[in-house]
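Taken in order, the sequence shown gives residues 4 to 267; the numbers are from my numbering.
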Amino acid sequence: MTLPFEFSVAPSGVATITLDRPDKLNALTFEVYRELTDLFARLEDQAEVRSVVVTGAGRAFCSGGDVHEIIGELVKFRAKELLGFTRMTGTLIKNMRRLRKPIVAAVNGVAAGAGAVIALAADLRVMAQSAKFAFLFVRVGLAGADMGAAFLLPRVIGLGRASELLMLGDSIGAEACERIGLAQRVVPAEDVLGEANALAERLARGPGFALGMTKELLNAELDMALDQAIEAEAQAQAICMHTLDFREAYLAFVEKREPRFTGK
Numbered sequence: 004m005t006l007p008f009e010f011s012v013a014p015s016g017v018a019t020i021t022l023d024r025p026d027k028l029n030a031l032t033f034e035v036y037r038e039l040t041d042l043f044a045r046l047e048d049q050a051e052v053r054s055v056v057v058t059g060a061g062r063a064f065c066s067g068g069d070v071h072e073i074i075g076e077l078v079k080f081r082a083k084e085l086l087g088f089t090r091m092t093g094t095l096i097k098n099m100r101r102l103r104k105p106i107v108a109a110v111n112g113v114a115a116g117a118g119a120v121i122a123l124a125a126d127l128r129v130m131a132q133s134a135k136f137a138f139l140f141v142r143v144g145l146a147g148a149d150m151g152a153a154f155l156l157p158r159v160i161g162l163g164r165a166s167e168l169l170m171l172g173d174s175i176g177a178e179a180c181e182r183i184g185l186a187q188r189v190v191p192a193e194d195v196l197g198e199a200n201a202l203a204e205r206l207a208r209g210p211g212f213a214l215g216m217t218k219e220l221l222n223a224e225l226d227m228a229l230d231q232a233i234e235a236e237a238q239a240q241a242i243c244m245h246t247l248d249f250r251e252a253y254l255a256f257v258e259k260r261e262p263r264f265t266g267k
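In structure tokens:
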């Protein structure tokens, strides 16, 4: 299958998705949206993939929807077609969050509009010192609440900060992103992919089933009361205690060696 972006899987179990339209700052097209949405759904069943890195070629992560190939077409759409498109873009984010495998965004340059939300939907974000986020939907006459941004961003950086970024549409640099919790690492541009891969490889070596359960609970508990959350975690831990990885962790401790997790 020919994809409109680069996709590879390393022997370590790290899959890398590289948005590959550097001359367009990796702007998204209808095809890229569709294929990314489908790929994140398929990755759940690809046992050889244990973690995912998403990045961009060239000097940008992703500048959002292509002005001519998407925005220029959307102004011609009727209401039903517009809703079909906006639902499809939201499904991409749902598939990223539903994937029971860790996703690391290597934000090598500007992440704007839909590109910012794609990076936001990752579990961890590594940013180049020169990179920026810009949730600029309001700058083009759209609601700042797009593709789940108004759901995810307040939960990552708080309601006040999220309101500022989504309502003003201003860009925010890497150091500020790290300060407010939007980025976990800020490194020189030449180190972004290496740092993201190191994180992804560490996660790939981890207990895959337990990591998937952790991500599922992080999603689910966003809207739970404390009693519900405690019960959900009790049930999840009981399930994890049945896994071979749990037994392997114990044996590795007894034998004074590093555990060899299999995700089972």
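Idealized CB from N, CA, C, for every residue including glycine.
Item	Value
Backbone CA spacing between Y253 and E204 [nearest angstrom]	22 angstroms
Whether A134 touches A114 by CB criterion (8 angstroms)	yes
Short Cβ contact (8 angstroms threshold) for I106 with V159	no
Residues that DSSP places opposite V159 in a beta bridge	Answer by DSSP bridge pairing: none, since V159 is not bridged.
Alpha-carbon to alpha-carbon, V57 and F8	11 angstroms
For V120, the first and last residue of its enclosing alpha helix (DSSP H)	117-124
Limits of the beta strand (DSSP E) - the one that V57 falls within	54-59
Member of L31, R101, A82 whose CA lies at the smallest distance from the CA of A44	R101
Close Cβ partners of S15 (< 6 angstroms) along its chain, the five nearest in sequence each way excluded	E204, A207
Which of helix, strand or coil DSSP assigns to E236	helix
Short Cβ contact (8 angstroms threshold) for R142 with L185	no
Cβ neighbour criterion (16 or more within 10 Å) applied to T21	buried
Candidates S166, F212, L196, of which the one nearest P157 by Cα	S166
Simplified DSSP assignment, three categories, for K218	helix
Residues sharing a beta bridge with M130, DSSP	V110, V189
Coarse secondary structure for G67, derived from DSSP in three states	coil
With 16 other Cβ atoms within 10 Å as the buried cut-off, status of E198	buried
Separation of R24 from P228, as counted between CA atoms	Per the sequence shown, the amino acid found at residue 228 is Ala instead of Pro. Between A228 and R24, the C-alpha separation is close to 44 angstroms.
Cβ-Cβ distance between L196 and A109 below 8 angstroms	yes
Buried versus exposed, by CB contacts within 10 Å (16 or more), A50	exposed
Beta-carbon spacing of L123, L39 below 8 angstroms	no
Minimum Cβ-Cβ distance from G68 to chain D less than 8 angstroms	Among the chains of the structure shown, chain D does not appear; only one protein chain is present.
Contact set for L85: own chain, Cβ-Cβ below 8 angstroms, skip 5 residues either direction	L77
Same chain, Cβ closer than 7 angstroms to A239, five either side skipped, listed in chain order	M216, L220
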